[in-house]
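Student:
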């Protein structure tokens, strides 16, 4: 097990966490996970996450001499990787991705032998006062980064907003023939927002039961779970996680490289836990023509990526309400591994939660991702760290 601090760029620091076969690299700036790495069957170390060509490396977008190119947006300056957003996507106010987080502590967890880090950020804006505390954890033998986030309303008014977690994925994990899947149902396709320039592949406003039956703008249907050759389109889809499911999940499976990315979160609320009831998928197949996704507005798109995530509602909604002094806890796991059963590359039909982890099944074939899908270890550790006992 390994955990250490790194200086990446001027004024930009990060924490490296590894169990020898799986590693994560988390920046203080925006608390963005910039690397989730596993080895392929051929031995290469592969980062599942997208780091767009336009991602900034300076102290921040405001001080960057090319700030206007990023439209002065800290979120665009920090684009890519894994990230948590709260209380909104807006760059007009302090939120979790457009400000600097403070690393409080890091170390080794004795009971399971894992490594962990504790970070924090605060907003003192009038009417937007909150504190976020975040614990990240890597356990021995698990190709998973576990994250626990506590949201506390530090103001005197009701704190409202929306929370989400996203992972932006690209090559070599993502390529033509990769498979996207989820246990969500009742998908809705959304139109591009007013700030986005592009073309929809699927009919905006359309509702469909499964990804493989997504209605096309040009007529007919297509499998939204199959990554096609570049289509020049951009689509944003949201699906509802059925109430019977213990976890919500979404995955990208690369059958050629036999690589699997799997992100998951608890679905059932238990008072303290704030569940993220929806899965969202953004499919950008060279379909964003607005800068900086293109060199200038209307130019040739430069980015091909799929973003998997969870949310409490579409952009612009305020569906979380936290009383003054109260806290809620969110939990997310992000796993990335190679598998040696080529039949799983054809796609898995079901998942099974076992004491050893998550089993991906295709008829009589299967693959196992060692994972604590109940989040037992990180919940116990976060409880101690948030209370100051550890």
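Numbering (this note's numbering), first residue to last: 7 to 396.
Here a beta-carbon is modelled for each residue, glycine too, at the ideal position from N, C-alpha and C.
Does the stretch 51-63 touch the stretch 170-177, meaning 3 or more C-beta pairs lie closer than 8 Å?
Tutor: As far as the Cβ criterion goes, the stretch 170-177 touches the stretch 51-63, which means the pair count is three or higher.
Student: Could you check which residue in 195, 259, 316 and 78 has the C-alpha nearest to that of residue 247?
Tutor: Indexing the chain shown from 1 puts residue 247 at position 241. Checked all of 195, 259, 316 and 78; the closest Cα to residue 247 is 316.
Student: Counting only runs that start and end within the stretch 48-107, where is the beta strand (DSSP E) found for 3 or more residues in a row?
Tutor: 51-53 and 88-91
Student: So residue 382 and residue 293 are in contact, right, with Cβ under 8 Å, and what is the actual spacing, rounded?
Tutor: Position 376 of the chain shown, counted from the start, is the residue given in the question as residue 382. Position 287 of the chain shown, counted from the start, is the residue given in the question as residue 293. In fact, because the Cβ distance is near 41 Å, the residues do not count as touching under 8 Å.
Student: By how many angstroms is the C-alpha of residue 161 removed from the C-alpha of residue 277?
Tutor: Counting from one through the chain shown, the residue named residue 277 turns up at place 271. Counting from one through the chain shown, the residue named residue 161 turns up at place 155. Residue 277 and residue 161 have their alpha carbons spaced roughly 21 Å apart.
Student: Between which two residues does the beta strand (DSSP E) containing residue 253 stretch?
Tutor: Position 247 of the chain shown, counted from the first residue, corresponds to residue 253. Residues 253-260.
Student: If I measure Cβ to Cβ from residue 388 and keep anything under 6 Å in the same chain, skipping five residues before and after, which residues do I get?
Tutor: Position 382 of the chain shown, counting from 1, holds the residue named residue 388. Here residue 388 has 141 and 154 as same chain residues with Cβ atoms under 6 Å from its own Cβ, once five neighbours each way along the sequence are excluded.
Student: Which residues in the same chain have their Cβ closer than 7 Å to the Cβ of residue 214, if we skip the five residues on either side of it in sequence?
Tutor: Indexing the chain shown from 1 puts residue 214 at position 208. For residue 214, where only same-chain residues beyond five positions count, the Cβ hits under 7 Å are 193, 220 and 221.
Student: In this structure, does DSSP put residue 351 in helix, strand or coil?
Tutor: By 1-based counting over the chain shown, the position of residue 351 is 345. Helix, per DSSP.
Student: Hey, could you find the ends of the beta strand (DSSP E) residue 207 is sitting in?
Tutor: Looking up residue 207 in the chain shown gives position 201. First-last for residue 207: undefined, no H or E at that position.
Student: Does the stretch 259-278 come into contact with the stretch 335-346, if we say contact requires no fewer than three beta-carbon pairs (one atom in each stretch) closer than 8 Å?
Tutor: yes
Student: Can you tell me where the beta strand (DSSP E) holding residue 29 begins and where it ends?
Tutor: Here residue 29 refers to the residue found at position 23 of the chain shown. From DSSP, the beta strand (DSSP E) with residue 29 extends over 28-33.
Student: Go through its chain and collect everything with a Cβ distance to residue 36's Cβ below 6 Å, but skip five positions before and after it.
Tutor: In the chain shown, counting from the first residue as 1, residue 36 sits at position 30. Excluding sequence neighbours, residue 36 sits near 84 and 103.
Student: Please report the distance separating the alpha-carbon of residue 79 from that of residue 137.
Tutor: Position 73 of the chain shown, counted from the start, is the residue given in the question as residue 79. Position 131 of the chain shown, counted from the start, is the residue given in the question as residue 137. Distance between the alpha carbons of residue 79 and residue 137: 22 Å.
Student: For residue 172, name the three-state secondary structure that DSSP assigns.
Tutor: Along the chain shown, one-based indexing puts residue 172 at 166. Strand, per DSSP.
Student: Return the chain-ordered list of same chain residues with a C-beta closer than 7 Å to the C-beta of residue 298, the five sequence neighbours on each side being excluded.
Tutor: As a working note, residue 298 is residue 292 in the chain shown. Closer than 7 Å at the Cβ level, and outside the excluded window around residue 298, lie 60, 75, 76 and 82.
Student: Using the Cβ count rule (16 or more neighbours within 10 Å means buried), how would you classify residue 274?
Tutor: Position 268 of the chain shown, counting from 1, holds the residue named residue 274. When all chains shown are included, residue 274 counts as exposed.
Student: Would a C-beta distance cut-off of 8 Å place residue 260 and residue 184 closer than the cut-off?
Tutor: By 1-based counting over the chain shown, the position of residue 260 is 254. By 1-based counting over the chain shown, the position of residue 184 is 178. Yes.
Student: Checking the sheet assignment: what are the DSSP bridge partners for residue 335?
Tutor: For the purposes of this step, residue 335 is identified with residue 329 of the chain shown, where counting begins at 1. Answer by DSSP bridge pairing, in chain order: 156 and 279.
Student: May I ask you to report which of helix, strand or coil DSSP gives residue 382?
Tutor: Translated into the one-based positions of the chain shown, residue 382 becomes position 376. Helix.
Student: Figure out for me which residue from 305, 28, 129 and 39 has the closest Cα to the Cα of residue 49.
Tutor: Here residue 49 refers to the residue found at position 43 of the chain shown. With distances taken between Cα atoms, residue 49 lies closest to 28.
Student: If distances are taken between C-alpha atoms only, which option among 196, 149 and 250 comes closest to residue 45?
Tutor: For the purposes of this step, residue 45 is identified with residue 39 of the chain shown, where counting begins at 1. The residue with the shortest Cα to Cα distance from residue 45 is 149.
Student: If you run the structure through DSSP and keep just helix, strand and coil, what is residue 187?
Tutor: Residue mapping note: residue 187 aligns to position 181 of the chain shown, counting from 1. It is a strand residue.
Student: If you draw a straight line from the alpha carbon of residue 180 to that of residue 287, how long is it in whole angstroms?
Tutor: Sequence index remark: in the chain shown, residue 180 carries index 174 (1-based). Sequence index remark: in the chain shown, residue 287 carries index 281 (1-based). Whole-angstrom Cα-Cα distance: 14 Å.
Student: Measure the CB-CB distance between residue 21 and residue 109 and report whether it falls below 8 Å.
Tutor: Translated into positions along the chain shown, residue 21 becomes position 15. Translated into positions along the chain shown, residue 109 becomes position 103. Closer than 8 Å, so yes.
Student: So what does DSSP say about residue 367, is it helix, strand or coil?
Tutor: Counting from 1 along the chain shown, the entry for residue 367 is found at position 361. Residue 367: strand per DSSP, three-state reduction.
Student: Sort out for me which residues DSSP pairs residue 305 with in a bridge.
Tutor: Walking along the chain shown from the start, residue 305 turns up at place 299. Note: residue 305 sits in no beta bridge, so no partner.
Student: Suppose the cutoff is 6 Å on Cβ atoms and the five residues either side in sequence are ignored; what does the same chain contact list for residue 152 look like?
Tutor: Position 146 of the chain shown, counted from the start, is the residue given in the question as residue 152. Taken in chain order, the residues that qualify are 143, 339 and 384.
Student: Where residue 17 and residue 33 are concerned, what is the direct C-alpha to C-alpha distance, given to the nearest angstrom?
Tutor: As a position in the chain shown, residue 17 is number 11, starting the count at 1. As a position in the chain shown, residue 33 is number 27, starting the count at 1. Straight-line Cα distance between these residues: approximately 11 Å.
Student: Using the beta-carbon count (16 or more within 10 Å), is residue 252 buried or exposed?
Tutor: Here residue 252 refers to the residue found at position 246 when the chain shown is read from its first residue. A residue is called buried when at least 16 other Cβ atoms come within 10 angstroms of its Cβ; residue 252 does not meet this threshold and is exposed.
Student: Report yes if the C-beta distance between residue 245 and residue 188 is below 8 Å; otherwise report no.
Tutor: As a first step, residue 245 must be located in the chain shown, where it is residue number 239. As a first step, residue 188 must be located in the chain shown, where it is residue number 182. Yes. Within cutoff.
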